[in-house]
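Note sheet for the following structure.
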Amino acid sequence: MDEMHDSTTPPSGKGNFSSEPIQVPSPEEIPSLPAKRSHAKAFWFLLLCTAMSSLLIIPYTFALLGINNPSMPVITITTIAEIVQDVIFSAIGAGIGLWLGSGIGLGAPPLEDWLNGRREAARAFVKGLPLAFIIGLLAGIIVFILAALLSLVAPMKTSEPANLPSAWQGFLAAISAGIREEIWTRLGLLTLFAWLGTKIVRGGRLSASIFWIANILAALIFASLHFTNAAIIGASGVAMVLNILLLNGIVGLTFGWVYWKRGILLAMVAHFACDIILHVIPPLLVGKF
Numbered sequence: 001m002d003e004m005h006d007s008t009t010p011p012s013g014k015g016n017f018s019s020e021p022i023q024v025p026s027p028e029e030i031p032s033l034p035a036k037r038s039h040a041k042a043f044w045f046l047l048l049c050t051a052m053s054s055l056l057i058i059p060y061t062f063a064l065l066g067i068n069n070p071s072m073p074v075i076t077i078t079t080i081a082e083i084v085q086d087v088i089f090s091a092i093g094a095g096i097g098l099w100l101g102s103g104i105g106l107g108a109p110p111l112e113d114w115l116n117g118r119r120e121a122a123r124a125f126v127k128g129l130p131l132a133f134i135i136g137l138l139a140g141i142i143v144f145i146l147a148a149l150l151s152l153v154a155p156m157k158t159s160e161p162a163n164l165p166s167a168w169q170g171f172l173a174a175i176s177a178g179i180r181e182e183i184w185t186r187l188g189l190l191t192l193f194a195w196l197g198t199k200i201v202r203g204g205r206l207s208a209s210i211f212w213i214a215n216i217l218a219a220l221i222f223a224s225l226h227f228t229n230a231a232i233i234g235a236s237g238v239a240m241v242l243n244i245l246l247l248n249g250i251v252g253l254t255f256g257w258v259y260w261k262r263g264i265l266l267a268m269v270a271h272f273a274c275d276i277i278l279h280v281i282p283p284l285l286v287g288k289f
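Read in order, the letters of the sequence shown correspond to residues 1 to 289 in full-length UniProt numbering.
Set out below in structure tokens:
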């Protein structure tokens, strides 16, 4: 044979091909598409937490109503009704928050990550605990002081004296409210209003202005939930409305901000800490342990 062809040179007329060897990326180098987040586990977890926390509010409710020794049928019926009602509300709130919130930066990604075994989510939660607790305590102190000032300037008129639950009943109520009310109003209502805002405004992104409008609306509804407590003692008038909307609105806005920046779990922590100031400290001051 008179001439030999280089094995890397393609024969004439066969086309031009690169002489460089083909580099096949390793599996680790191939970018993976983000997995679609499943919300079912977080949904059922929140419903379970709701059912358990519903039991904790029962002693506080009876004390507020002045029922000292309820009969077993009354306890049973009240407990069943409370659990069923609360779970229905939480199913709606959690469903809205988890499925709509994930597309606008809300929802409960830290909770879902933790339930799926991602340790960094648990570490982030623990790291954020002190700040969330302090924020809740400060909100409670501010509301406590404002309530005292409002009672001097515009005292509420009541048809009967209020029953003050004991400190342990207030502590259980703080846990219960921190879980249930945050699912209903922050995870549910705030997320719904924010999602609607992103649909109305072009761009579909959650801006600060959209969030604060949603937060104000959710805080007002959150505050209105406390009119029932005022009705128990027969409170009425402008002073009552001012107390309920202003004081509960302030803490509602605070919890909404924590939810936006740190997630629903830490919003629950802030709510719990705030209620420690409002429902545990007052009875302790008068010796009702």
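Glycine included, C-beta positions come from ideal geometry on N, C-alpha and C.
Quantities reported herein were computed from a predicted structural model and do not represent experimental measurements.
Whole-angstrom distance between residue j and residue i, CA atom to CA atom
{"i": "GLY140", "j": "PRO70", "result": "31 Å"}
{"i": "THR254", "j": "LEU284", "result": "25 Å"}
{"i": "GLU112", "j": "LEU48", "result": "15 Å"}
{"i": "ILE277", "j": "ARG202", "result": "42 Å"}
{"i": "THR191", "j": "SER54", "result": "23 Å"}
{"i": "VAL143", "j": "VAL251", "result": "8 Å"}
{"i": "ALA167", "j": "LYS199", "result": "45 Å"}
{"i": "THR50", "j": "ILE83", "result": "8 Å"}
{"i": "VAL269", "j": "HIS39", "result": "22 Å"}
{"i": "MET156", "j": "ALA239", "result": "5 Å"}
{"i": "LEU150", "j": "ASN248", "result": "13 Å"}
{"i": "GLY107", "j": "ALA91", "result": "14 Å"}
{"i": "LEU164", "j": "ILE264", "result": "30 Å"}
{"i": "ALA121", "j": "PRO110", "result": "6 Å"}
{"i": "LEU225", "j": "ARG118", "result": "36 Å"}
{"i": "ASN68", "j": "GLY101", "result": "42 Å"}
{"i": "PRO116", "j": "ALA148", "result": "The sequence given here has Asn at residue 116, not Pro. The straight-line gap from Cα to Cα measures roughly 45 Å."}
{"i": "HIS271", "j": "ARG262", "result": "13 Å"}
{"i": "ILE232", "j": "ALA154", "result": "19 Å"}
Buried versus exposed call for residue i [16 or more other C-beta atoms within 10 Å across all chains shown]
{"i": "residue 292", "result": "For residue 292 there is no data in the structure shown, the boundaries of the chain being 1 and 289."}
{"i": "THR76", "result": "exposed"}
{"i": "ILE244", "result": "buried"}
{"i": "LEU65", "result": "exposed"}
{"i": "SER207", "result": "exposed"}
{"i": "TRP260", "result": "buried"}
{"i": "LEU266", "result": "buried"}
{"i": "TRP44", "result": "exposed"}
{"i": "VAL280", "result": "buried"}
{"i": "SER18", "result": "Annotation note: pLDDT 49 at SER18 (below 50); position unreliable, no value reported."}
{"i": "GLN85", "result": "exposed"}
{"i": "residue 300", "result": "Residue 300 cannot be examined here, being either before or after the span of the chain that is shown, 1 to 289."}
Terminal residues of the alpha helix (DSSP H) in which residue i lies
{"i": "ALA218", "result": "208-224"}
{"i": "residue 292", "result": "No information on residue 292 is available, as it lies outside the stretch 1 to 289 that the chain covers here."}
{"i": "THR50", "result": "40-65"}
{"i": "GLY197", "result": "191-200"}
{"i": "THR185", "result": "First-last for THR185: undefined, no H or E at that position."}
{"i": "GLY287", "result": "Neither: GLY287 is in no alpha helix (DSSP H) and is coded neither H nor E."}
{"i": "LEU115", "result": "109-115"}
{"i": "PRO73", "result": "72-101"}
Any non-hydrogen atom of the ligand MG closer than 7 Å to residue i Cβ
{"i": "ASN243", "result": "Questions concerning the ligand MG fall outside what the structure shown contains, since it holds no ligand whatsoever."}
Meets three-Cβ-pair contact criterion under 8 Å: the stretch 218-225 and the stretch 180-190: yes
Any 3 or more C-beta pairs closer than 8 Å across the stretch 208-218 and the stretch 130-137: no
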